[in-house]
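Protein chains in written order, with the working numbering: chain A, 14 to 169; chain B, 14 to 169.
Note that the Cβ used here is the ideal one computed from N, Cα and C, for glycine as well.
Here the structure is a predicted model, which is why all the values come from computation and not from measurement.
Some notes on the structure that comes next.
Protein chains: 2
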Amino acid sequence: MDNESFMRAAIELADDGLRGGRGGPFGCVVVRRGEIIGQGSNRVTSTNDPTAHAEVTAIRDACARLQTFQLADCELYTSCEPCPMCLAAIYWARIPAVYYGNTRADAAAIGFDDDFIYRQVALPPEKRAIRMTPLLRDAALHSFQAWADLENKIRY
Amino acid sequence: MDNESFMRAAIELADDGLRGGRGGPFGCVVVRRGEIIGQGSNRVTSTNDPTAHAEVTAIRDACARLQTFQLADCELYTSCEPCPMCLAAIYWARIPAVYYGNTRADAAAIGFDDDFIYRQVALPPEKRAIRMTPLLRDAALHSFQAWADLENKIRY
Chain A
14 MDNESFMRAA IELADDGLRG GRGGPFGCVV VRRGEIIGQG SNRVTSTNDP TAHAEVTAIR
74 DACARLQTFQ LADCELYTSC EPCPMCLAAI YWARIPAVYY GNTRADAAAI GFDDDFIYRQ
134 VALPPEKRAI RMTPLLRDAA LHSFQAWADL ENKIRY
Chain B
14 MDNESFMRAA IELADDGLRG GRGGPFGCVV VRRGEIIGQG SNRVTSTNDP TAHAEVTAIR
74 DACARLQTFQ LADCELYTSC EPCPMCLAAI YWARIPAVYY GNTRADAAAI GFDDDFIYRQ
134 VALPPEKRAI RMTPLLRDAA LHSFQAWADL ENKIRY
C-alpha cells in the first residue's frame, strides 16, 4: 500500500464511524513497515470518553498490539489535522511523521473547537478561558524530587 | 474538603503511582460539588499507553462514573501543570477550572518534554520537528460534509 491508500483507509474509518453513530467524522491509522498496526475512529459520544479521538484511539490500539509505549518506527495517517490533544499524544508516542487530510480550519467550519483550543494552548495559563490557579507547588515538588532521585526508572 | 485538600489528594496519587512503579510522578483528581468523582496517576509505562497521563486517566474515570462526555460542572486538580495533550483534553471535557502544583518548567527540569511540546504545538505544521504532510484533502472533506448534512447528530 502507498501513502494515498493509507489515507483512504483513515477516511474510510471516519465514514464508518459517522455511519455507525460512534462520534465525529474522524479516522486514523498507524502504519509500521508498510502495514496498518493500529486504527481508530472518533468514539467520544458513544463511549463517554472526551479523549477518544481517532488519533488517540489508533495510538492506543497500536501500542496495545505492539506492547510498547513508543512508536518511533511508525507513521500516522489521519483524516483531519490533529487537534492539540492528539498532536501532543503523537509527540509523546514519538511518531516522527504525520499525514493529514482536512485542516483545523475545515474542522472549525463544521463546528469543532480545534482552532480555538490551538489558540488557547499557546496562551500563558492566566490568560486562558479556563481558570488556571497555581496551588501548593512546594508540596508537589517533593514527588518530582523523588522521581529525580529514583534509580532504574523507566523514562518515556 | 477544601482546595488544598484536593491538591494534596492529587499529590498523594502522584507519590503512590511513583512508589508502585506505574509511571511518572503525576496525579490528578476531578471534583464535583465538593466530592472526588474521578482520579488517576500516570500509567504510561505500566500499561503501554502514551496517552495515560494522570489528567487523561482522571477525566476518563470521571466520565465513566458519571456516564457523560462533558464535565462542565467539575474542577480538576493536578500535581503538575497539564501538558498540551492533557490541557486540550480538559478543554474537550469542558472543565472550567484547573488547579496545578508543579509547573511545566519543573517538569522539564526532571526530564519531561512538556515545555518542548508546548513550543512545538504553537508552530505551523510545516515548521515542526515532526514531519507533517497534507494529503487528499478533497477526499477527506466528503466525510466532513456528511457530518454537516447529518440531522440529529450528537455534538461534543
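- At a beta-carbon threshold of 7 Å, the residues of chain B lying near Ser92/A are Ala153, Ser156, ordered along the chain.
- Contact between the region 27-34 of chain B and the region 148-166 of chain B is not established, with fewer than three Cβ pairs separated by less than 8 Å.
- The straight-line gap separating the alpha-carbon atoms of Ala101/A and Ile130/B is approximately 6 Å.
- For Ala106/A, the nearest CB of chain B lies under 8 Å from its own CB, placing it at the interface with that chain.
- Arg21/B and Asn16/A have their C-alpha atoms spaced approximately 48 Å apart.
- Cβ neighbours of Val57/B within its own chain (closer than 6 Å, five residues either side excluded): Gly36, Pro63, Ala65.
- Remark: C-beta atoms of Ala85/A and Val42/A do not approach each other more closely than 8 Å.
- Sequence-distant Cβ neighbours of Tyr169/A in its own chain, meaning closer than 8 Å and more than five residues away, are Phe82, Gln83, Trp105.
- The beta carbon of Glu88/B sits closer than 6 Å to those of Val44, Ala110, all from its chain and outside the five residues before and after it, given in chain order.
- Cys41/B: not part of any alpha helix (DSSP H); member of the beta strand (DSSP E) spanning 40-45, first to last residue.
- Closest in alpha carbon position to Gly114/B, among Ala67/A, Ala159/A, Pro38/A, Leu148/A, is Leu148/A.
- Shown here for Pro95/B: same chain residues with a beta carbon closer than 6 Å to its own, the five before and five after excluded, namely Glu68 in chain order.
- About 5 Å separates the beta carbons of Arg117/B and Asp128/B, which is inside the 8 Å limit, making them a contact pair.
- When secondary structure is reduced to three states using DSSP, Ala106/B falls in the coil class, being assigned neither helix nor strand.
- No residue range can be given for Ile143/A, since it is assigned to no beta strand (DSSP E) and is classified by DSSP as neither H nor E.
- Of the candidates Arg141/A, Asn61/A, Asn55/A, the residue whose Cα lies closest to the Cα of Cys99/A is Asn55/A.
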